[in-house]
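> So the sequence shown is numbered by our numbering: it starts at 3 and just counts up by one. Pasting a structure here, questions to come.
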Amino acid sequence: MTGTQGPARKVARRTVVAAAGGAGLAAALTACGGSESSGTVGEQPAGSGGTTGGSGGTTGGGGGGKVLAKTADIPEGGGVVVGDVVVTQPKAGEFKAFSSKCTHQGCAVKNVTGGEIICPCHNSKFDATDGSVKAGPATTGLPAASIVVEGDSIKLA
Ligand code: FES
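Written out as structure tokens, the structure is:
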């Protein structure tokens, strides 16, 4: 009798051991996974304000366009390039403005000295009073830009 029971027990025991091993592994994995997140409550971001603010600081007196420069910034007999516009002061208290794009090949004019607006690319010179060509290669004067002077602010009209 015992001869037939032996192998059966062996098989049964082996099966049990294997199952236990598997269970042990599963338990280990479960334990590992379970300890991963231990209930930290998500932090709320701090109050989301901060975007309140006034409007830009270029508001001046009444109406008019964008302020290009202050009158004090424009030297007499000279001028200043502000983006697409060059503002000049040919005579004290007289302000003019022209396109800053050279009519020769479109470079931006750079310096205004001695009553002349000078393009750095090929050295064309334009009159700071009326934008006309004083020296080539440009053949066409700089178009005038409309400005208004309000107090000490020079604005696009
Ligand atoms: Fe101004 Fe040529 S682009 S002189």
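By construction, the Cβ of each residue, glycine as well, lies at the ideal position given by its N, Cα and C atoms.
Beta-carbon separation of Thr-73 and Phe-97 under 8 angstroms?
Against a cut-off of 8 angstroms, the Cβ pair of Phe-97 and Thr-73 comes out as a contact.
> CA-CA distance, Val-83 and Glu-118?
Taking the straight line joining both Cα atoms gives about 13 angstroms.
> Would a C-beta distance cut-off of 8 angstroms place Gly-81 and Gly-116 closer than the cut-off?
Against a cut-off of 8 angstroms, the Cβ pair of Gly-116 and Gly-81 comes out as no contact.
> So does Pro-139 have its beta carbon nearer than 7 angstroms to some heavy atom of the ligand FES?
For the ligand FES, at least one heavy atom lies less than 7 angstroms from the Cβ of Pro-139.
> Which same chain residues, not among the five before or five after Ala-159, have their C-beta less than 8 angstroms away from its C-beta?
Hits under 8 angstroms: Gly-66, Gly-67, Ser-148, Ile-149 and Val-150.
> What three-state label does DSSP hand Thr-73 in the structure shown?
Residue state, collapsed to three classes: helix.
> With C-beta atoms as the reference, is Ile-114 less than 8 angstroms away from Val-88?
Looking at the sequence itself, residue 114 is Val, so the reference to Ile does not match. Yes. Within cutoff.
> Is any heavy atom in the ligand FES found nearer than 7 angstroms to the beta carbon of Asn-125?
The answer is yes for Asn-125.
> Would you please state the rounded distance, in angstroms, between the beta carbons of Thr-105 and Ala-140? I believe it to be under 8 angstroms.
About 5 angstroms separates the two Cβ atoms, so the contact holds.
> Identify, in the order they occur along the chain, each residue of the same chain with its Cβ nearer than 6 angstroms to the Cβ of Gly-111, setting aside the five sequence neighbours on each side.
Checking the sequence shown, residue 111 turns out to be Val, not Gly. Within the same chain, Val-111 has close Cβ partners Val-88, Ser-102, Cys-104, Ile-119 and Cys-121.
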